[in-house]
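Undergrad: I'd like to ask some things about the structure below.
This is the structure:
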């Protein structure tokens with residue numbers, strides 16, 4: 050029995066169990082499995098109740114975005130990019146738009162910067178709310194999931210009011226945002242934040258002070274701090290290992306340098322700490338949204354005039370634009386050859402490392418019943434692996 | 026239920042190793058005659074009021090199933106609930122585009138479901154390819170590969186649209202028109218040919234139930 | 034950053050240094066020196082975080098341009114290291130011993146572009162595709178639409194418009210006549 | 005007036021019919037109460053009926069051999085057997101079942117029997133998830149049997165009999181005679197064991213959808229699943245009635261029975277909505293810890 054606060058560093062080398070010996074049970078977790086995030090699968094080799102080896106299999110959601118984007122005009126790609134990561138499409142929109150603006154030399158008006166920041170923080174909150182439901186659900190606590198997904202829905206209502214879209218917003222476009230703030234929208238934002246904050250207090254009480262949740266999550270999936278660079282771990286997973294990295298601070302994009310927020314780090318680096326850290330970031334998001342609403346410029350243009358998008362040619366060049374999404378570093382690498390279509394667009398999703406390399410190593414030695422919880426605690430999302 | 030005593034044609038199950046062939050059935054599916062009169066109406070009513078969704082998020086449409094399951098939209102009110110295993114579920118929700126790799130799993134899961142089984146396809150991409158009309162890895166029409174009862178359009182369909190779609194499915198079931206299982210059995214060879222044309226790496230039994 | 038540029042040029046013959054942005058630069062090395070450059074950047078220059086690795090098909094020049102983006106978090110600077118490999122015989126040294134996630138990128142590049150990385154774990158396995166028979170699909174000469182039309186049956190009635198002519202017809206119907 | 009054997013069998017069927025319907029409605033209403041905790045409306049109370057009808061009118065079904073069929077049959081036999089040897093209503097002719105023919109040991113055997121039969125049948129299904137679910141289920145059952153058995157021993161020592169009718173009879177005459185007040189430690193141990201027995205959270209890892217779906221019934225479908233669902237109602241009812249008889253003074257009419265069993269079952273939902281699940285090893289550790297000590301203490305108190 051592993052004691053609390055005693056970390057077992059997972060083995061990095063792969064065990065080679067002799068499958069013909071009859072000692073091991075090979076089974077697939079996924080793709081048809083409620084205990085897996087999204088549509089991917091794990092091939093687990095179990096010795097009794099303990100996983101000894103794991104292979105991840107991805108590609109069930111491969112749509113070939115990067116190829117499709119090479120076939121479409123710069124502007125036509127906008128409906129496509131948001132579909133790469135469904136729970137938080139705005140980060141895709143922002144990264145792509147910012148890359149285009151950088152290549153084409155477009156500056157964004159002040160108001161659009163604030164609206165973009167608002168949109169990104171709102172989707173961060175929504176995505177975390179969905180995640181906390183998944184984390185509680187993976188340990189069998191359905192009540193939390195029922196509450197938090199509803200709270201996420203209230204955020205989506207705000208998006209609907211702002212952009213007309215519920216899941217896919219296509220709100221952040223090159224040169225600014227697609228529309229101005231509707232009347233009374235900022236008041237609705239503040240009201241919703243009040244409701245969500247109240248609900249988060251409930252969730253904290255029921256989930257984080259729960260003895261059974263602690264028993265399951267404490268000590269599960271310990272990430273050693275030296276893995277952060279070795280495996281390219283970013284976001285809350287890295288911060289909970291005590292590595293103070295947040296692109297919002299490091300890159301200082303959009304309005305983040307003007308906002309007042311602290312970097313939250315941990316040190317115990319297990320599933321429980323990661324969950325606590327994300328809860329703290331949710332509170333931080335609510336705080337940031339309130340700051341943004343208070344400091345948002347009242348008027349001014351929200352969009353720069355662009356050339357005819359159907360004949361828009363972007364000067365040759367390449368760039369890499371990253372943003373801090375809920376799971377870590379989300380980046381777009383865009384290459385233009387001077388034509389009206391991209392030469393190459395590559396997406397860097399944080400799940401690429403978290404769900405494949407890190408997951409395969411962390412899962413060794415873990416009880417089968419904890420695999421789902423471990424996977425959710427890394428906050429992975431398969432479509433950004435396979436695009 | 027009354028069964029027609031027809032011996033189905035044997036399947037080839039090529040591509041399987043010889044020792045695995047014995048694990049799977051060698052018979053093609055057959056049609057089941059519905060019961061007559063009020064018995065079938067009653068059975069259909071029960072089927073329509075107890076729709077168990079297979080817990081398989083095949084695409085991005087699955088993200089709207091979460092709000093549907095939870096307290097805002099609460100599909101339990103309508104007797105709809107998720108089930109984790111294909112053996113026990115009666116509705117297969119195709120959540121949007123299906124890549125070839127997923128289609129293989131869709132076919133397998135669909136065949137493992139017990140009849141009568143219903144398919145609800147979400148999103149424009151299941152109807153005609155939608156956004157991914159020129160993608161090399163997604164199929165364009167799901168009804169080429171498995172029979173579909175209800176399409177719900179949109180990208181992606183809202184939870185309200187999903188609820189409306191499920192109500193429509195209930196109407197179809199009650200009218201006795203949701204005979205996807207029999208359709209699959211009747212056109213088995215056509216469906217199989219379509220599936221095999223797309224799924225190049227066919228290393229599974231032809232029909233597994 | 035120019036010291037780094039000079040150092041890289043002296044050690045590994047890096048050339049074409051560009052400052053793309055205040056915190057983003059790019060440079061080009063020979064593919065044979067790619068592994069050593071990255072190892073030095075990681076171990077001695079503080080560029081310890083591999084953001085991503087990918088390839089661009091420059092079919093006109095007959096090369097694949099590999100791009101490794103590494104980031105130095107202490108200095109807040111990212112560096113894109115490019116290397117051109119021959120399109121006819123694309124073989125590059127594997128970096129899976131430098132970064133734990135490197136093998137995944139290499140698996141992807143092997144499947145999507147056909148670039149080989151000898152020694153990388155599971156590099157010959159299928160990554161996202163299954164039973165793929167065509168050429169590596171991210172190459173520029175692979176036509177996605179033609180493949181899709183030939184393989185997947187569409188629903189009749191779907192029409193695709195060219196956006197430029199379509200908008201012209203809709204907005205200025207008299208101009209087209 | 006003593007009814008004939010034929011009459012008693014008829015009464016037993018009537019009693020079984022009542023407990024089946026009661027169990028189904030109980031499951032339905034508890035699902036609705038859980039839904040209220042979660043902030044939603046919840047399924048209709050009669051939803052379990054529709055589910056059973058739907059499962060029974062499935063058109064095709066698969067088989068994995070004869071043991072696969074016998075699994076649910078054993079389970080149902082376990083449920084019915086448990087109920088048949090417990091008096092549902094003390095002193096009633098209709099609802100006393102065959103309680104004078106069997107005693108507490110037989111009932112405990114039947115509680116165990118259904119699970120074992122199910123394990124055999126599910127193992128025959130050949131699905132790895134079933135196998136894991138079975139091993140989890142049996143391990144957890146062995147664990148919760150310890151505090152349960154200890155509290156039953158305490159009750160048997162206290163009343164000097166294993167006959168359930170006699171135990172209920174000894175508790176009549178005011179609620180202070182209930183075991184709840186005469187030997188509270190035994191009741192605490194038994195109620196904790198009951199949480200494990202009814203497989204609600206936090207002891208639901210056996211049938212958990214997330215942690216390997218969904219345990220033993222993975223391969224069961226169609227009418228076999230309908231059988232399992234029916235049994236769930238009967239078995240729940242039987243266990244509730246047993247607990248009511250042993251610890252809460254039994255019932256002298258059907259209304260008291262309904263109220264008491266509802267409240268006992270409500271403990272499950274109350275706990276289940278507030279906790280995630282234990283892993284199997286954690287739940288075994290839990291059951292063999294404090295609840296077992298409480299059980300031993302109750303035996304000592306009853307013996308001294």
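Residue numbers (this note's numbering), protein chains in the order written: chain A, 50 to 436; chain B, 26 to 234; chain C, 34 to 210; chain D, 5 to 308.
Every residue, glycine too, gets a C-beta built ideally from N, C-alpha and C.
What in chain A is Cβ-close to residue 82/C, meaning under 7 Å?
TA: On the third chain, residue 82/C is found 49 positions in, with the first residue counted as 1. The answer, in chain order, is 278 and 281.
Undergrad: For residue 194/A, go through chain B and note every residue whose CB falls closer than 9 Å to its CB, in chain order.
TA: Within the first chain, the letter at position 145 stands for residue 194/A. Ordered by position in chain B, the residues that pass the 9 Å Cβ test against residue 194/A are 91, 94 and 95.
Undergrad: If I follow the unbroken beta strand (DSSP E) through residue 385/A, where does it start and stop?
TA: By one-based count along the first chain, residue 385/A stands at place 336. Unbroken beta strand (DSSP E) run through residue 385/A: 378-385.
Undergrad: Sort 102/D, 72/D, 87/D and 120/D by Cα distance to residue 6/D and report the nearest one.
TA: Looking up residue 6/D in the fourth chain gives position 2. Out of 102/D, 72/D, 87/D and 120/D, 102/D has the C-alpha closest to the C-alpha of residue 6/D.
Undergrad: Between residue 170/D and residue 87/D, what straight-line distance do the alpha-carbon atoms span, to the nearest angstrom?
TA: On the fourth chain, position 166 is the one that residue 170/D refers to. On the fourth chain, position 83 is the one that residue 87/D refers to. Whole-angstrom Cα-Cα distance: 17 Å.
Undergrad: My output table needs one value for residue 144/A: the three-state DSSP class, helix, strand or coil.
TA: Position 95 of the first chain, counted from the start, is the residue given in the question as residue 144/A. Residue state, collapsed to three classes: helix.
Undergrad: Examine chain A for any beta-carbon lying closer than 8 Å to the beta-carbon of residue 146/D, and answer yes or no.
TA: In the fourth chain, the residue the question calls residue 146/D occupies position 142. For residue 146/D, the answer is no, since every Cβ of chain A falls outside 8 Å of its Cβ.
Undergrad: With distances taken from CA atoms, which of 138/A, 107/A, 309/A and 163/A is nearest residue 342/A?
TA: Here residue 342/A refers to the residue found at position 293 of the first chain. When only C-alpha atoms are compared, the closest one is 163/A.
Undergrad: When we look at the beta-carbon of residue 121/C and count the other beta-carbons within 10 Å, is it buried (16 or more) or exposed?
TA: Position 88 of the third chain, counting from 1, holds the residue named residue 121/C. Exposed, because fewer than 16 other Cβ atoms sit within 10 Å of the Cβ of residue 121/C.
Undergrad: Answer with yes or no whether the minimum CB distance from residue 134/A to chain D is below 8 Å.
TA: Here residue 134/A refers to the residue found at position 85 when the first chain is read from its first residue. Not closer than 8 Å to any Cβ of chain D, the Cβ of residue 134/A fails to qualify, so no.
Undergrad: Helix, strand or coil: which one does DSSP assign to residue 94/D?
TA: If you number the fourth chain from 1, residue 94/D lands on position 90. Reduced to three states, the DSSP call for residue 94/D is coil.
Undergrad: Counting only the same chain and skipping the five closest in sequence on each side, list residues whose C-beta sits under 7 Å from that of residue 26/B.
TA: Here residue 26/B refers to the residue found at position 1 of the second chain. Low per-residue confidence applies at residue 26/B: pLDDT is 40, beneath 50, and the placement is therefore not dependable, though the value from the model is reported in the following sentence. Cβ neighbours of residue 26/B beyond the five flanking positions: 57 and 60.
Undergrad: For residue 58/C and residue 65/C, what's the separation of their Cα atoms in angstroms?
TA: By 1-based counting over the third chain, the position of residue 58/C is 25. By 1-based counting over the third chain, the position of residue 65/C is 32. Answer to the nearest angstrom: the Cα atoms are 21 Å apart.
Undergrad: Do you know offhand how far residue 81/C's Cα is from residue 278/A's?
TA: Taking the first residue of the third chain as position 1, residue 81/C is located at position 48. Taking the first residue of the first chain as position 1, residue 278/A is located at position 229. Approximately 6 Å, taken between the alpha carbons.
Undergrad: What does residue 367/A pair with, by DSSP beta-bridge criteria?
TA: The residue labelled residue 367/A in the question sits at position 318 within the first chain. Residue 367/A pairs with 384/A.
Undergrad: When DSSP labels each residue in this structure, what does residue 107/B get in the three-state scheme?
TA: Here the question's residue 107/B lines up with position 82 in the second chain. Three-state DSSP puts residue 107/B in a strand.
Undergrad: Can you pull the chain C residues whose beta carbon is under 8 Å from the beta carbon of residue 23/B, in chain order?
TA: The structure shown does not extend to residue 23/B, since chain B is modelled only from 26 through 234, so no value can be given for it.
Undergrad: Please tell me whether residue 72/B has its Cβ less than 8 Å away from any Cβ of chain D.
TA: Within the second chain, residue 72/B is the residue found at index 47, counting from 1. Residue 72/B counts as touching chain D.
Undergrad: Helix, strand or coil for residue 68/C per DSSP?
TA: To locate residue 68/C, count along the third chain from 1; it is residue 35. Helix.
Undergrad: Hey, is residue 225/D close to the ligand FAD, as in C-beta under 7 Å from one of its heavy atoms?
TA: Among the components modelled here there is no ligand, and therefore nothing to report on the ligand FAD.
Undergrad: Quick one: measure Cβ to Cβ for residue 76/B and residue 104/B, integer angstroms, because I've assumed they're closer than 8 Å.
TA: Counting from one through the second chain, the residue named residue 76/B turns up at place 51. Counting from one through the second chain, the residue named residue 104/B turns up at place 79. About 6 Å; that satisfies the 8 Å criterion.
Undergrad: Note the first and the last residue of the continuous alpha helix (DSSP H) segment covering residue 77/D.
TA: The residue labelled residue 77/D in the question sits at position 73 within the fourth chain. Where residue 77/D is concerned, the enclosing alpha helix (DSSP H) stretches over 70-88.
Undergrad: Can you give me, in chain order, the residues of the stretch 41-54 of chain D that have a beta carbon less than 7 Å from any beta carbon in chain A?
TA: Flagged, chain order: 41, 42, 43 and 44.
Undergrad: Give a yes or no on whether 8 Å exceeds the smallest Cβ distance from residue 397/A to chain C.
TA: Position 348 of the first chain, counted from the first residue, corresponds to residue 397/A. Yes, residue 397/A counts as interfacial toward chain C.
Undergrad: Can the beta-carbon of residue 419/A be found closer than 8 Å to that of residue 269/A?
TA: The residue labelled residue 419/A in the question sits at position 370 within the first chain. The residue labelled residue 269/A in the question sits at position 220 within the first chain. Going by C-beta atoms, residue 419/A is nearer than 8 Å to residue 269/A.
Undergrad: Hey, would you say residue 196/C sits closer than 8 Å to residue 359/A, going by beta carbons?
TA: The residue given as residue 196/C occupies position 163 in the third chain. The residue given as residue 359/A occupies position 310 in the first chain. In contact: residue 196/C and residue 359/A (Cβ atoms closer than 8 Å).
Undergrad: So with Cβ pairs under 8 Å, would you call residue 160/B a contact of chain A?
TA: The sequence position of residue 160/B within the second chain is 135, counting from 1. Interface residue, yes.
Undergrad: When DSSP labels each residue in this structure, what does residue 67/A get in the three-state scheme?
TA: Taking the first residue of the first chain as 1, we reach residue 67/A at position 18. Residue 67/A falls in the coil class under three-state DSSP.
Undergrad: Could you list which residues in chain D have their beta carbon closer than 9 Å to that of residue 192/B, in chain order?
TA: Counting from 1 along the second chain, the entry for residue 192/B is found at position 167. Near residue 192/B there are no residues of chain D at all, since even the closest Cβ is about 15 Å away, more than 9 Å.
Undergrad: As a quick exercise: from 321/A, 99/A and 381/A, pick the residue whose alpha carbon is nearest that of residue 114/A.
TA: The residue labelled residue 114/A in the question sits at position 65 within the first chain. Residue 381/A is the option with its Cα nearest to residue 114/A.
Undergrad: Between the beta-carbon of residue 212/A and the beta-carbon of residue 227/A, is there less than 8 Å?
TA: In the first chain, counting from the first residue as 1, residue 212/A sits at position 163. In the first chain, counting from the first residue as 1, residue 227/A sits at position 178. Yes; because the gap between Cβ atoms is below 8 Å, this pair is in contact.
Undergrad: Who are residue 176/B's beta bridge partners in DSSP?
TA: Start at 1 with the first residue of the second chain, and residue 176/B comes out as number 151. In DSSP, residue 176/B forms a bridge with 146/B.
Undergrad: Please state if the CB of residue 224/B and the CB of residue 109/C are separated by a distance shorter than 8 Å.
TA: Residue numbering aside, residue 109/C sits at position 76 when the third chain is read from its first letter. Residue numbering aside, residue 224/B sits at position 199 when the second chain is read from its first letter. No; because the gap between Cβ atoms is not below 8 Å, this pair is not in contact.
Undergrad: Would you verify that the beta carbon of residue 153/C is, or is not, closer than 8 Å to some beta carbon of chain A?
TA: Residue numbering aside, residue 153/C sits at position 120 when the third chain is read from its first letter. Judged by the 8 Å Cβ criterion, residue 153/C is not in contact with chain A.
Undergrad: Do we get a CB-CB distance below 8 Å when we pair residue 27/B with the residues of chain C?
TA: Indexing the second chain from 1 puts residue 27/B at position 2. Because residue 27/B sits at a pLDDT of 42, beneath the cut-off of 50, its placement in the model cannot be relied upon, and the following sentence gives the value as read from the coordinates. No, no contact with chain C.
Undergrad: For the pair the stretch 392-408 of chain A and the stretch 245-253 of chain A, tell me if three or more CB-CB distances fall below 8 Å.
TA: At 8 Å Cβ cutoff, the stretches do not touch.
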